[in-house]
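S.K.: The structure that follows is given in the form of structure tokens.
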Amino acid sequence: MTGYRLTVLAGDGTGPEVIAEALRVIEVFQQNSPISFEITEIPCGGQYYLETGEEWPEGSFEHCRDNSDAILLGAIGWPDARLPNGDMAGGQVILGLRSGLKLYANVRPIKLYPGVQHKVHGVHQQVWQPDMVDMVMIRENTEGLYHSLLRRMEQKAKGEKDEPIVIEEFPGLEGEVEWDPRPISRKGSERVINFAFDLARHRQRKRGVSQSVTCVDKSNVTRGCRLFREIFKEISEQNPDIDTDAAYIDAFTMWLMRDPEDLDVVVLPNMFGDIATDLASVLQGGLGMAASANLGPKHMMFEPVHGSAPKYTGKNVVNPIATLQSVQMMFEALAYRKKDDNLDMCADILQQAIQQHFDEGGVITYDLGGDASTSEVGQAIADRCEEMLRERFTTA
């Protein structure tokens, strides 16, 4: 039996509720397949900070770094939970891990399942067709506008002293001024753009159809984006088997909504990726359907894109699909890195279970127009997985 070390960070608000459904599904796979997980749960986040004065227990970063094959995160953020300097309490968890573990590629699949409607003008209706929405957006995860905050959170997570950047003044600006640098490096750009091309080639092999990579930036205005675009052109020349395109972020947001069928893999600098991926979630039914992976050379962390949703905390109503889809991504990524055929099979089964749930009109939560609870949806997916696993291993 293949075993993996999984660190679970449930976090704030509805994070523990969706993580409970993830653990329910993982347990089904442990009971009915050759895979197993050694699970360590670590309390963390803004609520934990308000209770203890710490964002997570001492040694948590080191555990994630040294004793985890994968990390599963629920949600971070709680009203009025702020550090003395104004930073979000819990930031060293999510941002410290992204920066400290060099999780440079934020991977966000944008896929619309049959039967999932879009909430537009307060009404659930079919706007985009499922066969027209199936892309992956790759956001650079460690640089750009958030670099100084990411670095600050990494230093806190490691117990290091904060070393702020100092700029005395901005010529032409008077009075109170706050600023954030936006560094974009060649190394950071090369690794995330190469990742995008590798993913496109993987999708091309798996699907048997050509895939394109689209670079989105603001290279007509900012120097960092000019470097990003130049490196994209260099790498595209090294990958002649992959079609390419490029767009400026302002025009891209229009194309994203109007012509999503033209997009396969999209690569973006950090800030633009942060904004565009949340916009893209509208295509797939909202943030409750939006999963993500944070991948680096040695580590990986998976999380639903949605926040902690404080107003829904404890009501058992939020959509767990984004979290379950994140578990599917975890299975797939671990299987790829560890060359584990059994785990790859489990990733396929979980994907099929989610797909069939929507194909067959399974229960859905309020955000998709239904009235099912978080646990009802999680149990329904778990039951489908169990049925498929028993069929797979009793007939093998």
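Throughout the sequence shown, residue numbering follows this note's numbering, covering -8 to 387 in sequence.
Quick reminder that beta carbons are idealized off the backbone N, C-alpha and C, glycines included.
On a Cα-Cα basis, can you pick out the residue from 2, 201, 183 that is closest to residue 226?
M.R.: Checking every option, the nearest Cα to that of residue 226 belongs to 183.
S.K.: Rounded to whole angstroms, what's the CA-CA distance from residue 261 to residue 235? Just pull it up for me.
M.R.: So the two alpha carbons sit approximately 20 Å from each other.
S.K.: So the candidates are 24, 5, 1; which of them puts its Cα closest to the Cα of residue 384?
M.R.: Looking at the Cα atoms, 24 is the closest of the given residues.
S.K.: Three or more C-beta pairs under 8 Å: does that hold for the region 96 to 104 against the region 126 to 133?
M.R.: The answer is yes - the region 126 to 133 touches the region 96 to 104, with three or more Cβ pairs under 8 Å.
S.K.: Would residue 194 pass as an interface residue toward chain B - the criterion being a Cβ-Cβ separation below 8 Å?
M.R.: Looking for chain B here will not work: only one protein chain is present.
S.K.: Counting only the same chain and skipping the five closest in sequence on each side, list residues whose C-beta sits under 8 Å from that of residue 287.
M.R.: Here the set comprises 92, 93, 94, 95, 96.
S.K.: Does the region 263 to 281 come close enough to the region 130 to 142 to have 3 or more Cβ pairs within less than 8 Å?
M.R.: Because the criterion of three Cβ pairs below 8 Å is met, the region 263 to 281 and the region 130 to 142 touch.
S.K.: Just checking my contact of residue -5 with residue 325 at CB under 8 Å: how many whole Å lie between their CB atoms?
M.R.: Contact holds; Cβ gap of about 6 Å.
S.K.: Can you list, in chain order, the residues of its chain whose CB lies under 7 Å from that of residue 17, leaving out five sequence neighbours each side?
M.R.: These residues qualify, in order along the chain: 28, 318.
S.K.: Do residue 2 and residue 50 come within 8 Å of each other at the CB atom, strictly closer than that value?
M.R.: Cβ distance not < 8 Å, so residue 50 and residue 2 don't count as in contact.
S.K.: Return the residue from the list 311, 248, 150 that minimises the CA-CA distance to residue 368.
M.R.: Residue 311 is the option with its Cα nearest to residue 368.
S.K.: Secondary structure at residue 220, three-state DSSP: helix, strand or coil?
M.R.: Helix.
S.K.: Rounded to whole angstroms, how far is the Cβ of residue 67 from the Cβ of residue 299, which I believe are closer than 8 Å?
M.R.: With a Cβ gap of about 7 Å, residue 67 and residue 299 count as contacting.
S.K.: Less than 6 Å between C-beta atoms, sequence neighbours within five positions excluded: which residues of the same chain meet that for residue 148?
M.R.: Excluding sequence neighbours, residue 148 sits near 52, 83, 87, 91.
S.K.: Which residues in the same chain as residue 349 place their Cβ atom closer than 7 Å to its Cβ, once the five residues preceding and following it in sequence are excluded?
M.R.: Excluding positions up to five away in sequence, the list reads 104, 105, 106, 107.
S.K.: What does a CB cutoff of less than 7 Å around residue 159 pick up in its chain, not counting 5 residues either side in sequence?
M.R.: For residue 159, where only same-chain residues beyond five positions count, there are no Cβ hits under 7 Å.
S.K.: Alpha carbon to alpha carbon, how far is residue 243 from residue 56? Give it in angstroms, no decimals.
M.R.: Computed Cα separation, rounded: 36 Å.
S.K.: In the region 323 to 375, which residue ranges form an unbroken alpha helix (DSSP H) of at least 4 residues, counting only runs that do not cross its ends?
M.R.: For the region 323 to 375, whole alpha helix (DSSP H) runs of length 4 or above, ordered along the chain, are 332 to 350.
S.K.: My guess is that residue 372 and residue 363 are in contact by the Cβ rule of under 8 Å, so how many angstroms apart are they, rounded?
M.R.: Contact doesn't hold; Cβ gap of about 11 Å is too wide.
S.K.: What distance in whole Å lies between the Cβ atoms of residue 303 and residue 5, which are believed to be in contact at a cut-off of 8 Å?
M.R.: That belief holds up - the Cβ atoms of residue 5 and residue 303 are roughly 6 Å apart, short of 8 Å.
S.K.: Using 8 Å for Cβ pairs, my map puts residue 44 next to residue 72. What's the rounded Cβ distance?
M.R.: Not confirmed; about 11 Å, so no contact.
S.K.: Would you grab the beta carbon distance between residue 292 and residue 64 for me? Rounded to a whole angstrom, and I think it's under 8 Å.
M.R.: That belief holds up - the Cβ atoms of residue 292 and residue 64 are roughly 6 Å apart, short of 8 Å.
S.K.: Can we say the region 196 to 207 touches the region 164 to 182, given the rule of at least three CB pairs closer than 8 Å?
M.R.: No, the region 196 to 207 is not in contact with the region 164 to 182.
S.K.: Would the beta-carbon of residue 365 fall within 8 Å of that of residue 12?
M.R.: Result yes, Cβ atoms of residue 365 and residue 12 sit closer than 8 Å.
S.K.: I need the DSSP call for residue 295, collapsed to helix, strand or coil.
M.R.: Three-state result, residue 295: strand.
S.K.: With a floor of 3 residues, list each beta strand (DSSP E) that falls wholly inside the region 90 to 146, ordered by position along the chain.
M.R.: Whole beta strand (DSSP E) segments, 3+ residues: 96 to 102, 109 to 111, 114 to 116, 125 to 131.
S.K.: Under DSSP, the alpha helix (DSSP H) around residue 179 begins and ends at which residues?
M.R.: Counting along the chain, the alpha helix (DSSP H) containing residue 179 begins and ends at 177 to 198.
S.K.: Once the 5 residues before and after residue 270 are set aside, which same chain residues still bring their CB inside 8 Å of it?
M.R.: Around residue 270: 244, 247, 248.
S.K.: Just list the residues that DSSP pairs residue 240 with in beta bridges.
M.R.: According to DSSP, which records beta bridges pairwise, residue 240 is partnered with nothing at all.
S.K.: Grab me the residues of residue 361's own chain with a C-beta within less than 7 Å of its C-beta, minus the 5 sequence neighbours each way, in chain order.
M.R.: Here the set comprises 354, 355.
S.K.: Would you kindly report the start and end of the unbroken beta strand (DSSP E) that includes residue 32?
M.R.: That run of the beta strand (DSSP E) goes 26 to 32.
S.K.: Mind checking which residues open and close the beta strand (DSSP E) that includes residue 283?
M.R.: From DSSP, the beta strand (DSSP E) with residue 283 extends over 282 to 286.
S.K.: Give the secondary structure of residue 234 by DSSP, where H, G and I count as helix, E and B as strand, and everything else as coil.
M.R.: Looking at residue 234 - three-state DSSP - the assignment turns out to be strand.
S.K.: What's the call for residue 59, buried or exposed, on a 16-neighbour Cβ count within 10 Å?
M.R.: So residue 59 ends up on the buried side.
S.K.: Are there 16 or more other CB atoms within 10 angstroms of the CB of residue 381, so buried, or fewer, so exposed?
M.R.: Counting Cβ neighbours within 10 Å, residue 381 comes out exposed, since fewer than 16 surround it.
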